[in-house]
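Take a look at the structure set out below.
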Ligand code: UDP
Ligand code: MG
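Residue numbers (full-length UniProt numbering): 1 to 329.
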């Protein structure tokens, strides 16, 4: 069933922000999986694990340095500050695309079950440039996270943002697909909506999302919410259209009101009109504010896009010697 003749080099990319508690366990697990794949002749022996330290303030970077020195099989990329999960992933993909044929991005806390990596690689061999890992259940998430995610995917779908439901950033991408993704110049990175825009053959692999192995979530509610709003406003202009429809509707209501007032005048029974006036003012005031807010969001995005600021800044990079040359290019 293999439709690719060459054995690829695989890069496993992990963004890590204050992950000192879990990193060593994660590396042990991933090393075993990498070894199995190498022994099964599915990936090249120079396949690697790349950890992107997203400006951690704990012992994450010293752990990466030590692991690299002791085992010589990982690549550490240190960002100059905390840029966020998505830019950290992009930094890793940019670096890994220089030396690998395909890559898999996954969280550093082992919530993305590494047990399905082999299946993902098999899908690559079947000719897929992208393999999405999809959560088959969210039993380990809290009630709130489960339902807010459901609402988010529903709303995003309704607004025309194309995403694979229940897929986050656990995915395999070939070098071809990654290069197409990296060619997108945007600053507001929301990978799960950007990747499907790349096209190519893709496949899905299902998995049960596990518990975080150690440490705490680096995605508090505030971050999650702004991530969701960013995700929708970066990929859909539907909110602006809806606003227009709403505006027309409100205009219609105002028209009816005018007719009604005129009618009362003709009949000769005018009411004091205080309440209807107040309601109108508040209603229109509210709608105006919403309108300004939505338009402002888009203008804000134009503002960040035109600045073309670099999305991430690599402070330093360590790797076993044979990859050094290509990485420094
Ligand atoms: N992460 C990151 N930068 C951030 C926040 C998170 O690189 O600013 C990483 C984090 O170390 C982890 C992954 O993104 O590897 C997912 O974060 P987390 O597990 O905390 O999110 P949750 O699973 O709770 O949604
Ligand atoms: Mg997690």
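From the three backbone atoms N, C-alpha and C, an ideal C-beta is built for every residue, glycine too.
Query                                                                                                            : Result
Residue 77 - partner residues in DSSP beta bridges                                                               : 52 and 317
Every unbroken beta strand (DSSP E) within the stretch 191 to 217, with a cutoff of 3 residues, ordered by chain : 202 to 208
Rounded C-alpha distance that separates residue 188 from residue 231                                             : 8 angstroms
Cβ-Cβ distance between residue 330 and residue 175 below 8 angstroms                                             : What the structure shows of the chain is the stretch from 1 to 329, and residue 330 is not part of that stretch, so it cannot be assessed.
heavy atom of the ligand MG below 7 angstroms from residue 169 C-beta                                            : no
Whole-Å CB distance - residue 229 paired with residue 173, under 8 angstroms assumed                             : Rounded, the Cβ-Cβ distance is 26 angstroms, inconsistent with contact.
Residue 132 (DSSP reduced to helix, strand or coil)                                                              : strand
Nearest-angstrom Cβ-Cβ length linking residue 109 and residue 78, presumed shorter than 8 angstroms              : With 8 angstroms as the limit, residue 109 and residue 78 do not qualify as a contact, their Cβ atoms being about 19 angstroms apart.
Contact check, residue 139 vs residue 212, beta carbons under 8 angstroms                                        : no
Within-8 angstroms CB hit, residue 15 to chain B                                                                 : Chain labels in this structure do not include chain B; a single protein chain is all it has.
Residue 206 and residue 134 closer than 8 angstroms at C-beta                                                    : yes
Reduced DSSP category for residue 84 - H, G, I as helix; E, B as strand; rest coil                               : coil
Residue 208 vs residue 136 beta-carbon contact at 8 angstroms                                                    : yes
Contact the stretch 85 to 100 vs the stretch 306 to 315: 3+ CB pairs below 8 angstroms                           : yes
Reduced DSSP secondary structure (H/G/I, E/B, other) of residue 105                                              : strand
For residue 204 and residue 298, believed in contact at Cβ under 8 angstroms, the rounded distance               : Incorrect: roughly 32 angstroms between the Cβ atoms, too far for contact.
Residue 81: CB within 7 angstroms of a non-hydrogen atom of the ligand UDP                                       : no
Residue range of the unbroken beta strand (DSSP E) whose run includes residue 97                                 : Neither: residue 97 is in no beta strand (DSSP E) and is coded neither H nor E.
Sub-8 angstroms separation of residue 63 and residue 24 beta-carbons                                             : yes
8 angstroms contact criterion, which residue 196 and residue 162 should meet: CB distance rounded                : 5 angstroms
Among 116, 69, 38 and 36, nearest to residue 210 - alpha-carbon criterion                                        : 116
Where residue 170 sits in the DSSP three-state scheme                                                            : strand
Residue 13: first and last residue of the uninterrupted alpha helix (DSSP H) it sits in                          : Note, residue 13: premise wrong, no alpha helix (DSSP H); beta strand (DSSP E) at 10 to 16.
Any heavy atom of the ligand MG within less than 7 angstroms of residue CB: hits in chain order                  : 107, 109, 111, 212 and 217
Nearest neighbour of residue 146, chosen from 224, 70, 185 and 280 [CA to CA]                                    : 224
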